[in-house]
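**Student:** Top line first, the protein sequences correspond to chains D and P. Each residue of the first sequence is one higher than the one before, starting from 13 at the first, in my numbering. Each residue of the second sequence is one higher than the one before, starting from 13 at the first, in my numbering. Let me give you the structure first, and then I'll get to my questions.
Number of protein chains: 2
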Amino acid sequence: MTRYQVVTVRREIGAAELLDAEEFRQRMTSHGTLVANILSSPGSGKTSLLSATADRLSPEFRCGVLVGDIATDRDAQRLADHAPAVQLTTGGACHLEFSLIERGRQALGDRELDFLFIENIGNLVCPASHDLGEHLRVLLLSTTEGDDKPAKYPKAFRTSHALVISKCDLLPYVPFEVDRAVADARSIRSDLAVFPTSSRPAQGLEAWCDYLIDQRRRLLGGHPCRPNR
Amino acid sequence: MTRYQVVTVRREIGAAELLDAEEFRQRMTSHGTLVANILSSPGSGKTSLLSATADRLSPEFRCGVLVGDIATDRDAQRLADHAPAVQLTTGGACHLEFSLIERGRQALGDRELDFLFIENIGNLVCPASHDLGEHLRVLLLSTTEGDDKPAKYPKAFRTSHALVISKCDLLPYVPFEVDRAVADARSIRSDLAVFPTSSRPAQGLEAWCDYLIDQRRRLLGGHPCRPNR
């Protein structure tokens, strides 16, 4: 039994449809759906974070996930136990563009959603330049990548509202200073919300989920955070 | 005192110069310089690997390093204690293109080199599509990124000659099976040379350096490995 769907687009994604991202964002707002776009390097733990997040938000909130990858549907398979998931496969392209998001939302069907999560391609560079119609851009940085990443990938940090630091359970074994990474990131974007977490064992997820719920409350109240491109 | 140089090119790198990559490769061959292009995600340990590699190869062999980053010269600062290093800053672009390599080699001056290492931008996607005139393409994958990466980033694995697995000291703490990652990678490229390593403490570097020395010997003997794009 297929528990998820696959949308594959090869080399036909184009820049023209980016103009529709703002219309999509407004439509999602009117439906009460907070859209969060998750950016990170390969292997920082996007799928693990979203699985744990969906588990915590359900059943009070209805979640859906669009999962971007260059190839394979492994992440949608992993997520399907936690939330309705649609795999978006770019067939080589290094980032998601808006046209895939619109198709992915349609593939999720008519179900109402409180949260729509977009797991972007594992890439700290190119996805930062593409508006996917999200309300919230979230950057995920794992402790194993090093605390020097904010200054080296400034656009990803500058355009994100929140920073989730993953794999904090590995802090005793890696040269990563949380304070240094946060100071570096906030020198690029001073109002960045920061959430240190780990998933083995689960830590820090409550504050992160509370933040998401609060952001949705602001959205419903007519006060969403502003996209900052 | 500046111990390294910075070459900055903003948005002027173009595809046309890629045609010169083959000429550069042949020129480096005639000079006895093995050129190795190192690809990985952000934070996999490219700079640490190259620092340790230069330490082991010197003084018997003369090494130079071209260090790609989107912003900052932190990696060239780190490398300058180990080998002559030139920082290549793309000002936003997600990969190195050949024009920067030619300028970087010129910036290293007239010194003869046995090995020229290129540390590419931290990105497992876009750099795989660009020939930098290298003889050897090396993919660095850290154990903390997960053993599911080969199938998800197939072009980077298909076009690489060697796979260095870094951070093997963290294997007791992360869900990474070396055998699974290697089998996955070799299902994409069967002749991939594989080197499990760690830099804290240093392990596996001798086999890796022996491989480099052997590849240079083949180059001097007129039998370099073939670029496989």
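Ideal placement from N, C-alpha and C gives every residue a C-beta, glycine not left out. Quick caveat: nothing in here was measured; it's all calculated off a predicted structure.
(1) For F80(D), which residues in chain P fall below 8 Å Cβ to Cβ?
(2) So with CB distances below 9 Å, who are the chain P contacts of S53(D)?
(3) For Q227(P), count neighbouring C-beta atoms within 10 Å of its own C-beta (all shown protein chains included) and say buried if the count is 16 or more, exposed if not.
(4) Given that A83(P) touches chain D, what residues does it touch there, using C-beta distances under 7 Å?
(5) Under a CB-based cut-off of 9 Å, is R149(P) close to chain D?
(6) Classify C145(D) as helix, strand or coil using the three-state DSSP reduction.
(7) How many Å lie between C221(D) and V98(P) at the Cα?
(8) Quick one: is C106(D) near chain P, going by C-beta distance under 9 Å?
(9) In three-state DSSP terms, what is C106(D)?
(10) Given that R86(P) touches chain D, what residues does it touch there, using C-beta distances under 9 Å?
(11) Grab me the residues of C237(D)'s own chain with a C-beta within less than 8 Å of its C-beta, minus the 5 sequence neighbours each way, in chain order.
(12) To the nearest angstrom, how far is the alpha carbon of G134(D) from that of G234(P)?
(13) Closer than 8 Å by beta-carbon distance: list the chain D residues that pair up with Y223(P), in chain order.
(14) Could you list which residues in chain P have their beta carbon closer than 8 Å to that of E154(D), in chain order?
(15) Please go through the same chain and pick out, in chain order, the residues whose beta-carbon is closer than 8 Å to the beta-carbon of E34(D), but skip the five residues on each side of it.
(16) Against L182(P), what residues of chain D qualify as contacts under a CB-to-CB distance less than 9 Å, listed in chain order?
(17) Taking the C-alpha atoms as reference points, what is the distance between A214(D) and M40(D)?
(18) Using a Cβ-Cβ distance cut-off of 9 Å, determine whether L115(P) contacts chain D.
(19) Which residue from C75(D), A219(D), G104(D) puts its Cα closest to that of I177(D)?
(20) Have a look at P54(P) and P139(D) and give me their C-alpha separation to the nearest angstrom.
(21) Helix, strand or coil: how does DSSP classify G158(P) here?
(22) With 16 other CB atoms within 10 Å as the buried threshold, where does L31(D) fall?
(23) E72(D): buried (16+ other C-beta within 10 angstroms of its C-beta) or exposed?
(24) When the distance is taken between beta carbons, is V137(D) closer than 9 Å to I82(P)?
(25) Would you list the residues sitting across from A140(P) in a DSSP beta bridge?
(26) If you run the structure through DSSP and keep just helix, strand and coil, what is L184(D)?
(27) Measuring straight from C-alpha to C-alpha, what distance separates L62(P) and L78(P)?
(28) Within the 9 Å Cβ cut-off, does R238(P) reach chain D?
(29) According to DSSP, is P208(D) helix, strand or coil?
**Tutor:** A quick look at the data gives this:
(1) With the sequence shown as reference, residue 80(D) is identified as Gly, and Phe is not the correct amino acid for it. Neighbours of G80(D) on chain P: none; closest Cβ ~11 Å, over 8 Å.
(2) S53, P54, G55, S56, G134, N135, L136, E157
(3) buried
(4) Those are A163, K164, P166, listed as they occur along chain D.
(5) no
(6) A quick correction: the sequence has Gly, not Cys, at residue 145(D). When secondary structure is reduced to three states using DSSP, G145(D) falls in the coil class, being assigned neither helix nor strand.
(7) C221(D) and V98(P): Cα-Cα distance of roughly 44 Å.
(8) So yes, C106(D) belongs to the interface.
(9) Looking at C106(D) - three-state DSSP - the assignment turns out to be coil, as it is neither helix nor strand.
(10) D160, A163, K164
(11) H147, L148, H173, Q227, R230
(12) Each residue's alpha carbon lies about 39 Å from the other.
(13) Result: empty, since nearest Cβ-Cβ is about 24 Å, beyond 8 Å.
(14) Correcting the residue type first, residue 154(D) is Ser in the shown sequence and not Glu. Chain P residues near S154(D): G55, T156.
(15) The beta carbon of E34(D) is closer than 8 Å to those of D143, G145 in its chain, skipping five residues each way along the sequence.
(16) Going along chain D in sequence order, the residues near L182(P) (Cβ under 9 Å) are T156, L182, Y185, V186.
(17) In a straight line, the C-alpha of A214(D) is about 30 Å away from that of M40(D).
(18) With the sequence shown as reference, residue 115(P) is identified as Arg, and Leu is not the correct amino acid for it. Judged by the 9 Å Cβ criterion, R115(P) is not in contact with chain D.
(19) A219(D)
(20) 14 Å
(21) Coil.
(22) exposed
(23) exposed
(24) yes
(25) In DSSP, A140(P) forms no bridge with anything.
(26) The sequence as given places Pro at residue 184(D); Leu does not occur at that position. DSSP places P184(D) in helix when its eight states are reduced to three.
(27) 11 Å
(28) no
(29) strand
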